[in-house]
Amino acid sequence: MENLLAGANGFTHWNYFFLAHLWVSDQQRGKGTGKQLIQTIEAEARARKCTHLWLVTFSFQAV
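Every number in the working numbering is 655 more than the matching position in the sequence shown, counting from 1.
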């Protein structure tokens, strides 16, 4: 598990993409990894014809 750099999971329902979890390792923070991951998620949501992305955070500092 120490080799994991970042990850995310979610699902689509109708035209919504629900992003359930997103994680970036401490060593990758501040390097654009999270931004690249979000861009990849957005591209996948568009490919699935989603017009909305639903994100819930546990911390006000997460966004």
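Glycine included, C-beta positions come from ideal geometry on N, C-alpha and C.
If you're wondering where the values come from, they're calculated on a predicted model, not measured in any experiment.
Name the residue from the options whose alpha carbon lies nearest to the alpha carbon of residue i.
i	options	result
E714	L659, H668, A661 and H676	First, the residue type needs correcting, since residue 714 is Ser and not Glu in the sequence shown. The shortest C-alpha separation from S714 is found at H676.
R703	Q691, L659, H668 and E657	H668
N658	Q683, I696 and L692	Q683
Report back the beta-carbon spacing between residue i and residue j to the nearest angstrom; my notes put them in contact at under 8 Å.
i	j	result
L674	A663	7 Å
K670	T712	Note that residue 670 corresponds to Asn in the displayed sequence, not to Lys. Contact doesn't hold; Cβ gap of about 22 Å is too wide.
Quick one: is residue i buried, meaning 16 or more other Cβ sit within 10 Å of its Cβ, or exposed?
i	result
F698	Checking the sequence, you will find Ala at residue 698 rather than Phe. By the 10 Å Cβ count, A698 comes out exposed.
V599	There is no way to answer for residue 599, as the model of the chain reaches only from 656 to 718.
Please go through the same chain and pick out, in chain order, the residues whose beta-carbon is closer than 6 Å to the beta-carbon of residue i, but skip the five residues on each side of it.
i	result
L708	F672 and A700
Apart from the five residues on each side of it in sequence, which residues of its chain come closer than 8 Å, Cβ to Cβ, to residue i?
i	result
G665	F672, F673, L674, A675, H676 and I696
For residue i, which residues does DSSP report across the bridge?
i	result
W669	Note: W669 sits in no beta bridge, so no partner.
Taking 7 Å as the limit between beta carbons, can you name the residues of its chain near residue i, skipping five residues before and five after?
i	result
L710	L674
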